[in-house]
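Here's the structure we're looking at; comments come further down.
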């Protein structure tokens with residue numbers, strides 16, 4: 048949260064002032080920084096959020112996103128080098144049947160780390176072993192993550208901050224060729240002979256069924 052001792056007013060050339068900057072300290076005090084800030088940074092509206100009560104973390108979540116926490120250890124948590132603001136991929140490992148063979152696949156990509164344990168600040172530089180990492184994602188991604196947590200083991204992969212490329216979606220499976228149904232030929236109606244006796248004459252007449 049931005050406090051009075053964190054900010055000061057400075058003069059800047061008119062052409063270098065961002066459109067969403069502030070001209071009073073009162074406009075920023077009490078807001079939540081949604082990204083890490085450095086000494087001398089110009090505070091902009093795009094990097095601040097209103098603190099509407101509740102936890103600070105809730106103010107950091109984008110309006111169309113959800114926050115989901117993942118239990119981690121020193122391996123899952125990338126050796127303790129994860130910090131709020133980092134981007135990660137989530138890999139899920141699942142065993143096949145009752146055997147020892149397992150398969151791993153990337154289920155989610157380029158997720159923002161909102162908090163590490165109960166800390167949402169980025170002022171730490173030393174690796175720290177943590178117990179939980181909170182990630183920001185869409186509602187459908189949250190369902191995928193929770194399902195994977197119940198089926199197997201998760202691993203976080205730290206991304207380069209300049210790498211925002213995602214793997215292309217897998218193409219739909221090719222249609223399977225199906226042999227056409229054989230044509231059923233209709234059998235010609237069988238003829239049945241009927242014997243007609245008239246006096247001394249005997250005639251046989253074929254009658255179709």
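Numbering (the numbering used here), first residue to last: 48 to 256. Glycine is no exception: its CB is placed at the ideal position from the N, C-alpha and C atoms. Note that the structure is a prediction, hence the values are computed from the model and not measured.
Quiz item: Expressed to the nearest angstrom, what Euclidean distance is found between the alpha-carbon atoms of residue 162 and residue 180?
Solution: For the purposes of this step, residue 162 is taken as residue 115 along the chain shown, with counting starting at 1. For the purposes of this step, residue 180 is taken as residue 133 along the chain shown, with counting starting at 1. Each residue's alpha carbon lies about 6 Å from the other.
Self-check item: Same chain, Cβ closer than 7 Å to residue 200, neighbours up to 5 away in sequence not counted
Solution: On the chain shown, residue 200 is found 153 positions in, with the first residue counted as 1. Excluding sequence neighbours, residue 200 sits near 140.
Quiz item: Which ranges does the beta strand (DSSP E) cover as unbroken runs of at least 3 residues, wholly within the segment 110-163, from first to last along the chain?
Solution: 113-118, 134-142 and 149-163
Quiz item: Exposed or buried, what is residue 183 when buried is set at 16 or more other beta-carbons lying within 10 Å of its beta-carbon?
Solution: What you label residue 183 is simply residue 136 of the chain shown in a count that begins at 1. Answer is buried; the Cβ neighbour count reaches 16.
Quiz item: Using DSSP with H/G/I as helix, E/B as strand and the rest coil, what is residue 89?
Solution: For the purposes of this step, residue 89 is taken as residue 42 along the chain shown, with counting starting at 1. Reduced to three states, the DSSP call for residue 89 is coil.
Quiz item: Since residue 75 contacts residue 57 with CB under 8 Å, what's their CB separation in whole angstroms?
Solution: Counting from one through the chain shown, the residue named residue 75 turns up at place 28. Counting from one through the chain shown, the residue named residue 57 turns up at place 10. In fact, because the Cβ distance is near 13 Å, the residues do not count as touching under 8 Å.
Quiz item: Does the beta-carbon of residue 133 have 16 or more other beta-carbons within 10 angstroms, so that it is buried, or is it exposed?
Solution: One-based indexing of the chain shown puts residue 133 at position 86. Buried, by the Cβ-count rule.
Practice problem: Excluding the 5 residues preceding and the 5 following residue 88 in the sequence, name in chain order all residues of the same chain whose CB lies nearer than 7 Å to its CB. | Solution: Translated into the one-based positions of the chain shown, residue 88 becomes position 41. Closer than 7 Å at the Cβ level, and outside the excluded window around residue 88, lies no residue.
Quiz item: Helix, strand or coil for residue 196 per DSSP?
Solution: Taking the first residue of the chain shown as 1, we reach residue 196 at position 149. Note: residue 196 maps to helix in three-state DSSP.
Quiz prompt | Spatial neighbours of residue 156 in its chain, beta-carbon cut-off 6 Å, leaving aside the 5 residues before and after | solution = Here residue 156 refers to the residue found at position 109 of the chain shown. For residue 156, where only same-chain residues beyond five positions count, the Cβ hits under 6 Å are 136 and 213.
Quiz item: On the premise that residue 120 lies in contact with residue 93, defined as a C-beta separation below 8 Å, what is that separation, rounded to the nearest angstrom?
Solution: Translated into positions along the chain shown, residue 93 becomes position 46. Translated into positions along the chain shown, residue 120 becomes position 73. Contact flag wrong, Cβ pair sits at about 35 Å.
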